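Enquirer: Under this note's numbering, the first residue of the sequence shown is numbered 179, with each subsequent residue one higher.
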Amino acid sequence: MAYVRRILIEPHPMLHKAAKKMSALELKMPLTQQLIDDMLATMHAAPGIGLAAPQIGVGKRIIVVDVGEQPEPHVVVNPVLTEFEGEETAAEGCLSIPGKIGDVTRAQRCAVGGMTRHGKRFALQAEGLLARCFQHEVDHLDGVLITDKASNVRDAVVVPSDSQEEKDAKQVPI
Numbered sequence: 179m180a181y182v183r184r185i186l187i188e189p190h191p192m193l194h195k196a197a198k199k200m201s202a203l204e205l206k207m208p209l210t211q212q213l214i215d216d217m218l219a220t221m222h223a224a225p226g227i228g229l230a231a232p233q234i235g236v237g238k239r240i241i242v243v244d245v246g247e248q249p250e251p252h253v254v255v256n257p258v259l260t261e262f263e264g265e266e267t268a269a270e271g272c273l274s275i276p277g278k279i280g281d282v283t284r285a286q287r288c289a290v291g292g293m294t295r296h297g298k299r300f301a302l303q304a305e306g307l308l309a310r311c312f313q314h315e316v317d318h319l320d321g322v323l324i325t326d327k328a329s330n331v332r333d334a335v336v337v338p339s340d341s342q343e344e345k346d347a348k349q350v351p352i
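1. Please list, in chain order, all residues of the same chain as A219 whose beta carbon is under 6 Å from its beta carbon, the five residues on each side excluded.
2. Leaving out the 5 sequence neighbours to the left and right, which residues in its chain are closer than 8 Å to Q313 when beta-carbon positions are compared?
3. Taking all protein chains shown into account, do 16 or more other C-beta atoms lie within 10 angstroms of the C-beta of D216, making it buried, or fewer, making it exposed?
4. Indicate whether E204 and S274 have their beta-carbon atoms separated by less than 7 Å.
5. Rank D317, D326, A231 and V335 by C-alpha distance to the C-alpha of L186 and give the top, closest one.
6. Threshold first: 3 residues or longer. Then list the beta strand (DSSP E) segments lying entirely within the region 181-268, N to C.
7. For D333, list the residues DSSP reports as bridge partners.
8. Thinking D281 and A268 are a contact (beta carbons under 8 Å), I'd like their distance in whole angstroms, please.
9. Have a look at D317, P276 and H296 and flag the residue whose alpha-carbon is nearest the alpha-carbon of G226.
10. Measure the CB-CB distance between D320 and A196 and report whether it falls below 7 Å.
11. Taking the alpha-carbon positions, what's the H190 to L229 distance?
12. Check whether chain C comes within 7 Å of I240, counting only Cβ atoms and requiring the distance to be less than that.
13. Spell out the partners DSSP gives F300 in its beta bridges.
14. Confirm, please, whether the CB-CB distance from V253 to L307 is below 7 Å.
15. Going by C-alpha distance, which of L213, M221 and I240 is nearest G292?
16. Taking the alpha-carbon positions, what's the D199 to V331 distance?
17. DSSP has T283 in a bridge; who is on the other side?
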């Protein structure tokens, strides 16, 4: 059974520490598999599209990413990013810095390597939102937050999903 864990909030010191690499033996342990299940549950409950182990107080190099492009979320142990291409600046938020966004410049494309939750080595090419999310989560593993990289950090504006005009329009019979 997966549990939703508490997400650490800035300025928690754990968020500024580099995470340690996972060994193959550690990865096989039931507690590590439980951690991964908990990370996925926590990410989805937040709701978010990515989460790094340090965000829930575990200093290990594990990230989970789900931008909705694949049927299953990505679980990457000891991720390594290479082959950066292009550059794009976009607004980013972070589950550990609620209510704030900032403009962050990242590569448009990158290669992602690492291990699956079962210890199998893999590599993939990521672009767009997926590449941005991988870069954001790997930054967490290195103790880097968006506030360390962002320009124009500001309050996130919550736009209501249904304005009063939209609600009124929906009630008009056609």
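In this text, a Cβ means the ideal position worked out from N, Cα and C, and glycines have one as well.
Computed from a predicted model, the values in this text were never measured in an experiment.
Expert: Inspection of the coordinates gives the following:
1. A180 and V182
2. L259, R284, A285 and C288
3. buried
4. For E204 and S274, no; Cβs fall outside 7 Å.
5. Per the Cα distances, A231.
6. 228-230, 240-243 and 252-263
7. K278
8. 7 Å
9. P276
10. yes
11. 16 Å
12. Of the protein chains in the structure, only one exists, and it is not chain C.
13. G292
14. Not in contact: L307 and V253 (Cβ atoms no closer than 7 Å).
15. I240
16. Looking at the sequence itself, residue 199 is Lys, so the reference to Asp does not match. Distance between the alpha carbons of K199 and V331: 31 Å.
17. Answer by DSSP bridge pairing, in chain order: T267.
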